[in-house]
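Quick note on the UniProt record's numbering: the sequence shown kicks off at 1 and runs consecutively.
Backbone N, C-alpha and C fix where the C-beta goes; we use that ideal spot for every residue, glycine too.
Right, one structure below, let's go through it.
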Amino acid sequence: MAQSRLEKIGTIYTRITGLLKTGAMKSEDKPIWYDLYEAFPPKLEPRFDRPAPNIPIRNIFYAEDVIRAKFHKFQKQPETISLLDHKRETQVQQFVKIYHHLKSQGALDDEKVFETAMELLNEKRAQARTEEADTLPEVYSADGDTLTKAFTEAKEAQMKAIQQPIPDTTDRKAGKTGRNRQISGIDVQNLFKE
């Protein structure tokens, strides 16, 4: 091998240069970044023992980040968000918009603005749910009836069957009463007939 792979001996650039000079690596196999590194070398060589610069890390907060954090702390149930849906605003975006609108009016303090914005958001969500329920398309069965109507009729038929008295006849084959043959209006013996 041309050189060691240990990171403490040289840099990645010097190791690739050594491999190219010795012929262990062909020039067409060299990495894409190699020519760029030669054209624009860094000011300081990227070595493992170079001390890290002592630069303080700044906190980057936007004005609405505090409002968002407070909203998430108060709102325990997160919503499901589709990252492909760019038209619909999330609850947080709606809340921040309402909050800024109320804050721009300037009549209330921050705590009252937050509470009012939460109430308005909850009202807006409830209104959207009712509108969504009203605009749901009717789902039709194969017969052309709506499924809601079909389910209602089936439930009513089941309730009628439960309320009817079950005849107490004896089934000699089963050795039991007729309750086993007819359970809530369903003839069990005919159900499993082939």
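Please confirm if the stretch 59-70 is in contact with the stretch 93-110, defined as three or more CB-CB distances below 8 Å between the two stretches. Because the criterion of three Cβ pairs below 8 Å is met, the stretch 59-70 and the stretch 93-110 touch.
What three-state label does DSSP hand K155 in the structure shown? In the structure shown, K155 adopts helical secondary structure according to DSSP, grouped into three states.
Might you give, ordered along the chain, the residues of its own chain that have their beta carbon closer than 7 Å to the beta carbon of K30, omitting 5 neighbours on each side? For K30, the CB contacts under 7 Å within the same chain, skipping 5 residues up- and downstream, are I16, L20 in chain order.
Which of the three DSSP states, helix, strand or coil, is assigned to H86? The DSSP-derived three-state label of H86 is coil.
Residues near M118 by beta carbon distance below 6 Å, same chain, minus five either side: Closer than 6 Å at Cβ, skipping near neighbours: no residue.
Can you check whether the CB of Q77 is closer than 8 Å to the CB of E121? Checking the displayed sequence, the identity of residue 121 turns out to be Leu instead of Glu. Using a Cβ distance threshold of 8 Å, L121 and Q77 do not count as a contacting pair.
Return the CA-CA distance between Q94 and E123, expressed in angstroms with no decimal places. If you take the alpha carbons of Q94 and E123, they lie about 12 Å apart.
At which residues does the alpha helix (DSSP H) containing A104 begin and terminate? Correcting the residue type first, residue 104 is Ser in the shown sequence and not Ala. Residues 91-105.
So is F40 buried or exposed if we call it buried at 16+ other beta carbons inside 10 Å? By the neighbour-count rule (16 or more Cβ atoms within 10 Å), F40 is not buried but exposed.
How is residue 202 classed by DSSP in three states: helix, strand or coil? As displayed, the chain neither begins before 1 nor continues past 194, which places residue 202 out of reach and without an answer.
Could you work out which residue in F48, Y13, M25 is closest to E36 when comparing CA atoms only? Inspection of the sequence shows that residue 36 is occupied by Leu rather than by Glu. With distances taken between Cα atoms, L36 lies closest to Y13.
Assuming K11 and R47 are in contact, meaning their beta carbons sit under 8 Å apart, how far apart are those beta carbons, in whole angstroms? Sequence check: residue 11 is Thr here, not Lys. Yes, they are in contact, since the Cβ atoms of T11 and R47 sit about 6 Å apart, within 8 Å.
According to the Cβ coordinates, are V113 and R68 closer than 8 Å? No; because the gap between Cβ atoms is not below 8 Å, this pair is not in contact.
Use the C-beta contact count for F71: other C-beta atoms within 10 angstroms, 16 or more gives buried, fewer gives exposed. By the 10 Å Cβ count, F71 comes out buried.
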